[in-house]
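Its first residue numbered 5, the sequence shown is counted upward by one per residue in the working numbering. Structure first, commentary second.
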Amino acid sequence: MQLKFDWLIVLENLGRSIMVTDANLDGPRGPRIIYVNHACTQITGYSRDELIGNTPRILQGRHTDRAVLRLLKQKLLNRQVFDGQTWNYRKGGRPFIMNWYCYAIYGERGKPIYYVAEQEDLTEMESLRMRQRLLLNPHDAEATKFFAVLAEAM
5 MQLKFDWLIV LENLGRSIMV TDANLDGPRG PRIIYVNHAC TQITGYSRDE
55 LIGNTPRILQ GRHTDRAVLR LLKQKLLNRQ VFDGQTWNYR KGGRPFIMNW
105 YCYAIYGERG KPIYYVAEQE DLTEMESLRM RQRLLLNPHD AEATKFFAVL
155 AEAM
């Protein structure tokens with residue numbers, strides 16, 4: 005007995021945010037978003053229509069770490085998986101710490117045809133960690149900067 009499996013239903017109901025882009029890393033604006041699941045719209049505050057056709061840059065802002073983005077591109081070009089985090093921004097400009105895991109989907113000719121990003125909002129967890137650091141050291145520069153970035157959007 006063959007089981008019909010609908011991957012779209014699975015993707016839509018995952019608790020983790022999923023974003024799929026085309027594989028165009030060389031364009032002036034980068035790859036275009038071709039799919040986002042419901043969790044992605046919940047984390048970012050953008051609707052599916054606002055994200056699809058745009059680039060992931062729609063989520064970037066002042067405190068997005070450009071070195072992390074360069075590493076992401078380098079890893080993908082070298083056919084490696086990327087796992088990292090940086091500040092991203094929700095619709096309306098509120099920052100959040102996003103951890104994401106990115107990898108290529110390869111076509112029959114062995115070339116990337118899509119990039120998939122599994123994303124997770126770590127802001128709450130990171131906030132707890134930074135509060136603990138400040139309790140141990142009230143002058144902790146990294147923790148102070150973290151809360152300054154969050155306060156900027158308030």
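Quick reminder that beta carbons are idealized off the backbone N, C-alpha and C, glycines included.
Query: Within 8 Å, strictly: CB atoms of residue 123 and residue 102; Result: yes
Query: Simplified DSSP state of residue 155, which is helix, strand or coil; Result: helix
Query: For residue 39: DSSP bridge partner residues; Result: 24
Query: Span of the alpha helix (DSSP H) around residue 125; Result: Unbroken run through residue 125 is the beta strand (DSSP E), 116 to 125; no alpha helix (DSSP H).
Query: Exposure of residue 165, with buried meaning 16 or more beta-carbon neighbours within 10 Å; Result: Nothing about residue 165 can be reported from this structure: the residues present for the chain run from 5 to 158 only.
Query: Buried versus exposed call for residue 151 [16 or more other C-beta atoms within 10 Å across all chains shown]; Result: exposed
Query: Per DSSP, the bridge partner or partners of residue 100; Result: 92
Query: 7 Å Cβ shell around residue 76 - same chain, five flanking residues per side excluded; Result: 86, 88, 106
Query: Neighbour-count burial assignment, residue 17, 16 or more Cβ in a 10 Å radius; Result: exposed
Query: Residue 74: first and last residue of the uninterrupted alpha helix (DSSP H) it sits in; Result: 70 to 81
Query: Residue 160 and residue 37 closer than 8 Å at C-beta; Result: The question about residue 160 has no answer, for the chain in this structure spans 5 to 158.
Query: Contact set for residue 61: own chain, Cβ-Cβ below 7 Å, skip 5 residues either direction; Result: 33, 34
Query: Range covered by the alpha helix (DSSP H) that runs through residue 53; Result: 52 to 55
Query: Bounding residues of the alpha helix (DSSP H) (the contiguous stretch that carries residue 112); Result: Element bounds for residue 112: n/a, residue is neither H nor E.
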